[in-house]
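>
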Amino acid sequence: MARFDYLEGKKRRRDAGPGADEKLEAVYLRRETVRAVWRQLRRDRAAPGGGRPEESVSELVEDLLVRWLRERERD
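Be aware that the sequence shown starts at 2, since it is given in our numbering, and climbs by one per residue.
Here it is as structure tokens:
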């Protein structure tokens, strides 16, 4: 939804939810850790040549968890 679409009566577009066979599980992280990662991402973007602009904390967490799962499958 664009920023002011709601003023024109447009409905919010629904994102596809998880599949029925996909199991969701809560993951708990320390707030300090998430904030430290967020600050580092922000610093990296501000630096000359700044990091990947599409990179976000949630993408980093997902990448980390996927990597962890793959390592567990190999063992």
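Backbone N, C-alpha and C define an ideal beta-carbon position, used for all residues, glycine too.
Helix, strand or coil for Arg31? Go by DSSP, reduced to three states.
Arg31 falls in the coil class under three-state DSSP.
> In this structure, does DSSP put Leu25 in helix, strand or coil?
Of the three classes helix, strand and coil, the one that applies to Leu25 here is coil, per DSSP.
> Is Glu56 helix, strand or coil by DSSP?
Here Glu56 sits in coil by DSSP.
> Taking Val58 and Leu42 to be in contact with their CB atoms under 8 Å, please state how far apart those CB atoms are, rounded to whole angstroms.
Confirmed, about 7 Å.
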